[in-house]
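Asks: Residue numbers (the working numbering): 231 to 799.
Positions of the beta carbon are idealized from the N, C-alpha and C atoms, including for glycine.
Would you mind keeping the following structure in view while I ask a few things?
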Amino acid sequence: MLKRKSVFVSAAVATVVANIITLATSLYSMQVYDRVIPAAGYSTLWVLTVGVLVALAIDFALRATRALMIERESTRIDFDVSEFFFARSQAVRLDARPPGIGTMAAQLRGLEQVRGLMSSGSLFLVADLPFALLFILVIAALGGAVALVPLISFPIALGLAFLFAWLIRGDTNRAQISGNRKNGLLVETLDAAETVKANRGHWHMLGRWNQLMDEVHYAEDPVKRWSSIAGSIFSTLQQLSYVALIAWGAVEVIHGNMTMGALIACAIIAGRVNGPLVTMLPNLIVQWGYARSSLRALDAILRLPLDDAPGIINLRPERMVGPLKLEQVKFGYPGAREDIDVPRLEISYGERVAIIGSVGSGKSTLLRLMAGLYAPGEGTVLLGGLDMAQIAADTLRRHIGYLPQDFRLVNGTLRDNLLLGLGDPGDDVLMDAAARTGLDRMIASHPRGLELRIEEGGRSLSGGQRALTGLTRLMLARPRLLLLDEPTANLDQTTENAALGALGEEMDENGTLILVTHKLQLLSMVNRVIVMAGGRVILDGATKDVVARLQGRAGKVAKVDSLPTAGSA
């Protein structure tokens, strides 16, 4: 931090010296017109010329050094800020994320607009603006009352700049929101390209795209119009200031109140007062409008709840051996009804539990609550007697192995995905785990083996191959609590038997297994079954007892269906 502060202090000193040296050209012109030309003083001319050239060389060196320092420090700041927001986006709780991931990604890309605003050119304009007062004082010293011209025009220019920034504020905000939604639609369409193509949905998506483009252009048109008007007004204001200064200065010269050289010097210095505003301020106003909207979007991301609450030192236990308990747990997705309502549920350490139920009964949501990926709206989830909300997220992930129903892979190699978040145990251990789950057959069938390139999301692999990759990674991680959501839904019978056998051997040694399934054959792995309906536990007991009760219900339904109806033969 001190090093960064010293860089900006050095840049500020360079800015002060460079702006003072800038006065050299105007003073040079004044001396040439007032002393050299009337007296035909060649020697004085050469001395003044050499002096001003040295001053210009120093000015160039200072400005180049300042630009280099600021650019280098801006790069470091950009790296730190980008790293912070990327890490922050990963730390956001899954249940608190915005519904559109593409829109969230577009909000994060707003960093580029903020970075564009904070580029060296913009910073230099802001740094040079205070010296306008110094230049006006110099004009007053040289031309007296002539300084009233820039003294009036400069505040007018600044006032107009703030006015235009206020006028485009709402439009830039609307354009930013529509642009984020447009980018979100693009990400969604590319991600769901297979579904869109298979269902002939491209016309529907194209219609949504064109609608969002209309919204973006509708919001951007006023911004462009006001920017053009601002540029024209600033340019006209500069020319009017120049004409007024020359006219007033000419009157002063005629009356003998100032010299011709002083008038030329005042004209040059006045250009330094309003010149940067004319050349950069219109574009800077638009940049500020978009950057302001981006900052608001980034601030919304910063307000999202995190896995680990900031300012709290969470627990990092080495061992978490004990029951998994849910006490008065309620959970609902934003804008939806209450999805989970479990007054009390306890799973002892070492148990093998299956969670079954109809589609939409809350099985997967309950599993995410048990994994600590979702935080309950009410109640507490305890593991080993500790509240999950008080355990550091990385520690919790180390003790809990979770396999979602749709396991996605990341861009990289197969080895990268198997060792994601893990240390390298060596090829022997890795291949042994692959052999136990059946993934070794896929590795052996490809010429690149473990270096097989994986596309984004694992699209180059089948659903079964992705599931095997996830199961193999869990074998390598060796968690003590294993949560599986339909782990064998995409596997054939042979591969399923191999994978289940490996899991059974792994969990027989130690640990708790909880799986969500629709397959009755998987119930042979467990000693307890939980049945869910409408987000509530309606049955819970030993496997054989629950299966018998379910079969009894099915038998009663079958008997009712087989009864003759009225009017039947």
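Would you decide whether Trp456 is buried or exposed? Buried here means 16 or more other CB atoms lie within 10 Å of its CB.
Replies: So Trp456 counts as buried.
Asks: Would Ala521 and Val344 qualify as a contact pair, given that the criterion is a beta-carbon distance under 9 angstroms?
Replies: The answer is yes: Cβ separation under 9 angstroms.
Asks: Among residues of its own chain, excluding the 5 on either side of Ala285, which ones have a beta-carbon nearer than 6 angstroms to its beta-carbon?
Replies: Cβ neighbours of Ala285 beyond the five flanking positions: Ile251, Ala254.
Asks: Return yes when the Cβ of Ser471 is within less than 9 angstroms of the Cβ of Val379, no when it is not.
Replies: It is a contact, given that the beta carbons lie within the stated cut-off.
Asks: Using only alpha-carbon positions, find the residue among Gly346, Ser383, Pro452, Leu364 that is nearest to Phe394.
Replies: Here the closest residue by C-alpha is Pro452.
Asks: Taking the Cβ atom as the reference point for each residue, do Ala317 and Asp537 lie within a distance shorter than 9 angstroms?
Replies: Against a cut-off of 9 angstroms, the Cβ pair of Asp537 and Ala317 comes out as no contact.
Asks: Can you tell me the Cα-Cα spacing of Leu649 and Ala663, whole angstroms?
Replies: Cα to Cα, Leu649 sits roughly 12 angstroms from Ala663.
Asks: State buried or exposed for Asp722, treating a residue as buried only when at least 16 other CB atoms are found within 10 Å of its CB.
Replies: Asp722 should be labelled exposed.
Asks: Mark Tyr632 as exposed unless 16 or more other C-beta atoms lie within 10 angstroms of its C-beta, in which case mark it buried.
Replies: Classification for Tyr632: buried.
Asks: Alpha carbon to alpha carbon, how far is Phe637 from Thr718? Give it in angstroms, no decimals.
Replies: Cα-Cα distance, rounded: 11 angstroms.
Asks: Taking the C-alpha atoms as reference points, what is the distance between Val659 and Gly609?
Replies: If I take the Cα positions, the gap works out to 41 angstroms.
Asks: Nearest-angstrom Cα distance between Asp791 and Leu780?
Replies: Residue placement at Asp791 is flagged as unreliable, the pLDDT there being 41, under the threshold of 50; the coordinate-derived value follows with that caveat. Roughly 17 angstroms separates the two Cα atoms.
Asks: Does the Cβ-Cβ distance between Ile555 and Arg574 come in under 9 angstroms?
Replies: Going by the sequence as given, residue 555 is Lys instead of Ile. In this structure, Arg574 lies closer than 9 angstroms to Lys555 by Cβ.
Asks: Please list the segments of the alpha helix (DSSP H) lying wholly inside the segment 470-552, counting only runs of 4 or more residues, in order along the chain.
Replies: Correct list: 490-532.
Asks: Which residues share a DSSP beta bridge with Lys555?
Replies: In DSSP, Lys555 forms a bridge with Glu576, Leu612.
Asks: In three-state DSSP terms, what is Ala270?
Replies: Coil, per DSSP.
Asks: Please list the segments of the alpha helix (DSSP H) lying wholly inside the segment 317-351, counting only runs of 4 or more residues, in order along the chain.
Replies: As far as the segment 317-351 is concerned, its whole alpha helix (DSSP H) runs of at least 4 residues are 331-338, 340-347.
Asks: Taking CB distances under 9 angstroms as the criterion, tell me whether Ser236 reaches chain B.
Replies: Among the protein chains of the structure shown there is no chain B, as only one such chain exists.
Asks: Return the CA-CA distance between Val559 and Glu445, expressed in angstroms with no decimal places.
Replies: Their Cα atoms are separated by approximately 43 angstroms.
Asks: What is the DSSP secondary structure of Val243, counted as helix, strand or coil?
Replies: Helix, per DSSP.
Asks: Name the two residues that bound the continuous alpha helix (DSSP H) containing Ile673.
Replies: Run containing Ile673: 670-675, per the alpha helix (DSSP H) assignment.
Asks: Identify whether Thr217 lies in helix, strand or coil by the three-state DSSP scheme.
Replies: Outside the shown range of the chain (231 to 799) lies residue 217, about which nothing can therefore be said.
Asks: Report the option in Ala707, Glu686, Ser408, Glu576 whose CA atom is closest to the CA atom of Ala422.
Replies: Checked all of Ala707, Glu686, Ser408, Glu576; the closest Cα to Ala422 is Glu686.
Asks: Taking the CB atoms as reference points, tell me whether Met191 and Ile577 lie closer together than 9 angstroms.
Replies: In the structure as shown, the chain starts at 231 and stops at 799, and residue 191 therefore has no counterpart that could be examined.
Asks: Pick helix, strand or coil for Val746, following the three-state DSSP scheme.
Replies: The answer is strand: DSSP assigns Val746 an E or B state.
Asks: Taking all protein chains shown into account, decide if Leu511 is buried (16 or more other Cβ within 10 angstroms of its Cβ) or exposed.
Replies: So Leu511 counts as buried.
Asks: Please confirm whether Thr625 and Leu514 have their CB atoms less than 9 angstroms apart.
Replies: Taking 9 angstroms as the Cβ cut-off, Thr625 and Leu514 do not qualify as a contacting pair.
Asks: Here's the rule: buried if 16 or more other CB atoms are within 10 angstroms of the residue's CB, otherwise exposed. What is Lys789?
Replies: Legend: pLDDT at Lys789 = 41, less than 50; position of this residue unreliable, no value from coordinates given.
Asks: List the endpoints of the continuous beta strand (DSSP E) containing Leu712.
Replies: It spans 711-715 - the beta strand (DSSP E) in which Leu712 sits, taken as one unbroken run.
Asks: Where do the N-terminal and C-terminal ends of the alpha helix (DSSP H) with Met705 fall, by residue?
Replies: First-last of the alpha helix (DSSP H) with Met705: 693-707.
Asks: How big is the Cα-Cα spacing for Pro360 and Gly373?
Replies: The straight-line gap from Cα to Cα measures roughly 21 angstroms.
Asks: Out of curiosity, what's the CA-to-CA distance linking Asn249 and Val426?
Replies: Asn249 and Val426: Cα-Cα distance of roughly 60 angstroms.
Asks: What's the gap between the Cα of Phe392 and the Cα of Leu283?
Replies: Taking the straight line from one Cα to the other gives about 38 angstroms.
Asks: Would you say Gln241 and Met334 are within 9 angstroms of each other, going by their C-beta atoms?
Replies: Residue identity check: residue 241 is Ala in the sequence provided, not Gln. The answer is no: Cβ separation not under 9 angstroms.
Asks: Buried or exposed for Tyr258, please, with buried defined as at least 16 other CB atoms from any protein chain shown within 10 angstroms of its CB.
Replies: Result: buried.
Asks: So Val426 is in the alpha helix (DSSP H); what residue range does that whole segment cover?
Replies: Counting along the chain, the alpha helix (DSSP H) containing Val426 begins and ends at 423-428.
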